[in-house]
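In my numbering, the protein residues as written are 221 to 1030.
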């Protein structure tokens, strides 16, 4: 009779079996951790972007709506939340929104908080789709919520997979709970001395029916295969040859050999472990065998392999670059998009520190700071800059979070999305918006400047007129002659100032003719060079330069202003480079300047002076801005240059750096007309005897103009407004030879007054007068047949010549 094993011997064998159970549980936990890791990656990837206002109405829906829900963007924008969400999901969403609004009202809301929900949504075909939804408030500059940003992705497949895996886990859990390792023990005579409940359930053989029976007295059914029990092998095993083997066999097949055997389950595998039992003297007294059904575990492994391949394929085809890393920042995994975005292969990236791998050198501390925040458990969503393999900087949105399984952090992941195109678009939009705001500001200031210049010119007209009257009967020997000439000079200086204001207001174009800019620039450069000998002027002119339609006096003013500006920037002397060039500009180049594409004449003016910083460059064309200090400049030079060139249909570009000089590039549209030669002006005062109707709403103008005209020999009729002028002209049109008409008057403008007079007498002769320039309204009136234009303030010689020029026309 073979001796039964001792209690201590059985205890050791059971402990060995328990160790194997633990190993199986650890494998199951690894399975759970792997599944959770990939699930977290999928849940943090956005596919559909929507924006709601605070009334929960859609204000933006991304094009992914068509692919995910079947609705076009336009259809989706028209939907209410009740049409999008199932009732259960709608209730969840409203509850979250109300709670967040309560936190906002109480002032305890976290402005960076993002809520992530799983909601069921309707598709256009009536079916539903599960979405992982990330909710966060859009805030204004005062951090008040003004809308809700929704980032969603389709998790329908994931939900289905989770349910399937949940079912599988329940089945495995039940197997572990109710079917632990089956164990049987035989003695040397082949009689069963132990038969646990697990093997009882496995074989259907009750313990009471088998204990004590011999090896060949029965056959144990194992899933359709009947075989002898372990005693056949007892005399042939030892500690060194006892091993564990796994097989997957066809149903009905079995194996018995010198060292091992397996039990066969149709379509599955049973794990066997056998060992000899010894007494205290080392004598074999029996054998113990444990049997574990690992069929479910094998299927779970196959499922895991499938799920791993599925999620890896999904992750590799995501639009976002993904990297996994540990607490030390060492990269453990990357996806294919990471390689496409940054250029690093998996072999190059894995094992490297994520901060140093893609962190730009000048922002490395920022990258380390982000990693420290992530590894401390913080979720992050920021826009920043990262570098690719060749060092090129890429604008990215960065989202990251820890990977947590069973309350244990097992790593971290970070998602990078390339936003370079969006950033470039934002920069371009901001640049165009800045230019538009600058243009609108200049327009508003220009309107104000034009009004001031008009009123100021009226005052100068009165002063000039009185001075001219007083000079009419005085020669150079009179003691007042010098003073009166001085007053005229001051009036001229003041008139120059108003012309600068009108130039800035784009009202400074008086007499436009086809002009050779080469000739005009050469003349102005020579004159300036003679007065500023410390400046060396280097000129380069294009041959056959295209003509431009220009007011020569105004272009001379622009050149002089730029020359003086350059001279003031080169106090110790320097070089001034002047160059002309024919250029053709396309739509892309001229778009920011709101001018037409086509042929232009370009004027380059470059100095070697002190240059300008960015803040100065942004203000140089604003009126009254000056760097010269109080009382040392009006600040109108560059402002009027800007207005004059703009009024000519062109634009000015400026490039300058501190300490590296400045370059002003002027572009004027070319014309096809032939250049007109200039005539020498007449300086003689011309007399007359005709009758003139003078129309102006300013008393100081009508008084002095009446006296001036009478001194020139004319008979004068005065009208204080347009209606009075029409009445007088209707009554005395046969006597009136010419009308001097103010352009800007209340009630009835100069243009309307002219048209009414033209209806009365189509042959009426009219000289238009204004404190504004020959531009806008004045040009339109001249185009309708008006005979001439004179700019206030005018001198008596200029007035006399204009009158004779019109009156003597046949």
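Note that CB positions come from ideal geometry on N, CA and C, so glycine has one too. Here the structure is a predicted model, which means the values were calculated and not measured.
- Here residue 816 carries a coil assignment [DSSP, helix/strand/coil].
- In the three-state scheme derived from DSSP, where H, G and I count as helix and E and B as strand, residue 328 is classed as coil.
- Taking a cut-off of 8 Å on C-beta distances, the segment 750-768 touches the segment 886-897, as three or more cross pairs fall below it.
- Between residue 639 and residue 585 a beta carbon distance of about 22 Å is seen, past the 8 Å cut, so the two are scored as non-contacting.
- Closest by C-alpha distance to residue 581, out of 346, 612 and 564, is 612.
- If you check the CB distance, residue 775 and residue 740 come in under 8 Å.
- Burial is judged here by how many other beta carbons sit within 10 angstroms of a residue's own beta carbon; residue 777 has at least 16 and is buried.
- CA-CA distance, residue 331 to residue 858, rounds to 47 Å.
- Close CB contacts of residue 795 within its chain, under the 7 Å cut and outside five residues either way in sequence, are with 756, 758 and 828 (chain order).
- The three-state reading of DSSP puts residue 319 in helix, counting H, G and I together.
- Non-local C-beta neighbours of residue 303 in its own chain, meaning closer than 8 Å and more than five positions away in sequence, comprise 342, ordered along the chain.
- In the three-state DSSP reduction, residue 698 falls in the coil class, being neither helix nor strand.
- In the DSSP assignment, residue 922 falls within the alpha helix (DSSP H) that extends over 919-931.
- In the pairwise beta carbon analysis, the segment 949-956 is classified as not touching the segment 869-878: fewer than three pairs are separated by under 8 Å.
- Residue 351: member of the beta strand (DSSP E) spanning 348-359, first to last residue.
- Exclusion of the five residues before and after residue 551 leaves 543, 544, 545, 569, 570, 571, 572, 573, 574 and 577 as the residues of its chain whose Cβ lies within less than 8 Å of its Cβ.
- The distance from the Cβ of residue 960 to that of residue 914 is about 5 Å, consistent with a contact at the 8 Å cut-off.
- DSSP places residue 545 in the uninterrupted beta strand (DSSP E) bounded by 541-545.
- Going by beta carbons, residue 907 and residue 926 fall outside the 8 Å limit.
- When rounded, the separation of the alpha-carbon atoms in residue 511 and residue 420 is 12 Å.
- Bounds of the alpha helix (DSSP H) holding residue 562 are 556-562.
- Each residue's CA atom was taken as its position, placing residue 818 and residue 808 some 11 Å apart.
- With 16 or more neighbouring CB atoms inside 10 Å of its own CB, residue 430 falls in the buried class.
- For residue 635, the enclosing beta strand (DSSP E) has its first and last residue at 628-638.
- In the three-state DSSP reduction, residue 307 falls in the helix class (H, G or I).
- Put simply, of 942, 1006, 931 and 597 the residue whose alpha carbon is nearest the alpha carbon of residue 958 is 1006.
- Listed in chain order, the non-local C-beta contacts of residue 938 below 7 Å within the same chain comprise 914, 922 and 926, local neighbours out to five positions each way being set aside.
- Our two residues, residue 1025 and residue 943, have alpha carbons roughly 27 Å apart in a direct line.
- Linking residue 967 to residue 1014 through their CA atoms gives a straight-line distance of about 25 Å.
- In the three-state reduction of the DSSP assignment, residue 841 falls in the coil class.
- Setting aside the 5 residues that flank it on each side, residue 564 is surrounded in the same chain by 609, each with a C-beta closer than 6 Å to its C-beta; the list follows chain order.
- At least 8 Å separates the beta-carbon of residue 268 from that of residue 301.
- No Cβ-Cβ contact shorter than 8 Å links residue 355 with residue 381.
- Short of 8 Å from the beta carbon of residue 594, and not among the five residues preceding or following it, lie these beta carbons of its own chain, in chain order: 600, 620, 621, 622, 632 and 634.
- According to the DSSP secondary-structure assignment, residue 758 is paired through a beta bridge with 797.
- When only Cα atoms are considered, residue 686 and residue 918 end up about 15 Å apart.
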